[in-house]
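For reference, the structure is listed below as structure tokens.
Numbering (the numbering used here), first residue to last: 3 to 210.
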């Protein structure tokens with residue numbers, strides 16, 4: 003299974019086709035490539051298409067750190083570096099769409115064009131994602147980190163946020179459970195402030 007060491011994380015990716023490169027970023031706080039199968043099949047007819055699990059989703063792995071817009075965009079640029087891609091077309095849905103905007107703002111010379119879809123943003127969307135992080139923080143403090151991990155459900159969009167790798171990798175799960183619950187909760191809170199700064203900031207507003 004291909005993976006790349008990027009920006010302090012191990013990023014799992016898949017690619018297919020040849021031609022001008024396209025990078026697809028998935029939505030949600032975890033962001034897994036699973037939903038891009040048919041899209042990748044079509045686009046790879048004329049392009050080199052790369053999809054990836056974001057650092058807290060699917061088969062990727064990362065220390066529990068605060069997600070910021072700089073970080074999620076640096077992950078894309080770092081993956082491009084590993085794959086020898088100077089510039090690419092960037093696409094994505096929801097949170098992934100916001101990542102494509104963020105990359106274009108931060109590294110315009112490396113982005114040929116963007117094609118976002120179902121763009122995330124607005125008070126309702128931001129509040130929903132922040133709620134997942136608040137749930138995880140509250141559960142870790144009141145019931146323990148193990149309870150927060152056990153409450154994760156990939157099929158329930160309202161379940162608490164925890165790195166998906168903790169569901170199937172005992173060693174990784176152990177590193178989370180060994181954390182001080184206060185530290186775990188602080189990462190959740192700091193991620194909220196880093197991604198959803200202020201009551202009216204939209205996910206789509208990725209500039210500084």
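Built from N, CA and C at the ideal position, the CB exists for glycine as well.
Cβ-based burial, residue i [other Cβ within 10 Å; buried from 16]
{"i": "residue 39", "result": "exposed"}
{"i": "residue 60", "result": "buried"}
{"i": "residue 182", "result": "exposed"}
{"i": "residue 54", "result": "buried"}
{"i": "residue 47", "result": "exposed"}
{"i": "residue 30", "result": "buried"}
{"i": "residue 176", "result": "exposed"}
{"i": "residue 15", "result": "buried"}
Sub-8 angstroms separation of residue i and residue j beta-carbons
{"i": "residue 116", "j": "residue 103", "result": "yes"}
{"i": "residue 119", "j": "residue 95", "result": "yes"}
{"i": "residue 57", "j": "residue 28", "result": "no"}
{"i": "residue 108", "j": "residue 90", "result": "no"}
{"i": "residue 73", "j": "residue 25", "result": "no"}
{"i": "residue 32", "j": "residue 193", "result": "no"}
Start and end residues, alpha helix (DSSP H) containing residue i
{"i": "residue 151", "result": "147-152"}
{"i": "residue 117", "result": "Where residue 117 is concerned, there is no enclosing alpha helix (DSSP H), although the beta strand (DSSP E) it sits in stretches over 113-119."}
{"i": "residue 41", "result": "39-45"}
{"i": "residue 174", "result": "172-179"}
{"i": "residue 102", "result": "97-108"}
Residue span of the beta strand (DSSP E) that contains residue i, given as start and end
{"i": "residue 56", "result": "Run containing residue 56: none; DSSP gives neither H nor E here."}
{"i": "residue 87", "result": "No beta strand (DSSP E) contains residue 87, which DSSP labels as neither H nor E."}
Contact belief for residue i with residue j at Cβ below 8 angstroms, rounded distance in angstroms
{"i": "residue 50", "j": "residue 79", "result": "Going by Cβ atoms, the distance from residue 50 to residue 79 rounds to 17 angstroms, so no, they are not a contact pair."}
{"i": "residue 101", "j": "residue 75", "result": "6 angstroms"}
Using a Cβ distance threshold of 8 angstroms, determine whether the region 151-164 contacts the region 135-142, with at least three qualifying pairs required. Counting Cβ pairs under 8 angstroms, three or more are found: they touch.
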